[in-house]
Every structure is written in C-alpha cells, then in structure tokens.
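Here is the structure we will look at, set down as structure tokens.
In the working numbering, the protein residues as written are 6 to 119.
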C-alpha cells in the first residue's frame, strides 16, 4: 500500500541550508515548523537520532517565485556538524495538511430488485 503522506518537497521549500538535507531530516524540520505554525509559538526544540537543534518561527510570509508560505529558521547539529536551515512551509502543503487525510469513497448503495 502506498504511503498516504505527501512527499517532503510539496510540504517544505528550503531557502538556504549549510548542511545537506535528507528526506527524513526535512520531514523532521517540517513537523516542528508545522507544530509552531498551528500553535503560534516562537520556537521549538527538535531531537532525534540524526539531529538536535531549535526551529524558530520567523512570523513572516515569504515568496520565492510561485512558492509562498510562512518562514522558519533552524539551528541544527547533525553527524556532519552544526548548520543553519532557512525554509518555508508551502501554502500547498499547508492546505493539504489542513484538509486532513483523503477519505475513501463511500461504497455504492445496493440496488434492490423490487
């Protein structure tokens, strides 16, 4: 069965990164930023097997070409050293997450012969 979550490049757009980002690292940053966005908080710590650091809500919207959304900055420590990532949550990704998971279609109603 296919994974129902959208790919990370639909959810997050990296403006600058001093460290290469793996898909799992990008999704970790996305989840922390999405939590900050929903709650309206200023900062949140992140920690995992490959990452420790802090994600900050910059509380401004940015646009890069046709991609726009709220901006965030993360100071991270990875196995490759420390770094900074500036990114935005895409409007398309926010709309997808706020809509929730896609509901399966309702089964057809049975047809009666009488």
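Quick reminder that beta carbons are idealized off the backbone N, C-alpha and C, glycines included.
Here DSSP, grouped into helix, strand and coil, assigns residue 99 to helix. The beta carbons of residue 62 and residue 41 sit about 4 Å from each other, so the pair counts as a contact at 8 Å. Taking 7 Å as the cut-off, the beta carbon of residue 91 is found no closer than this to the beta carbon of residue 82.
Judged by their CB atoms, residue 98 and residue 15 are nearer to each other than the 7 Å cut-off. With a threshold of 16 other beta carbon atoms within 10 Å, residue 51 meets it and is buried.
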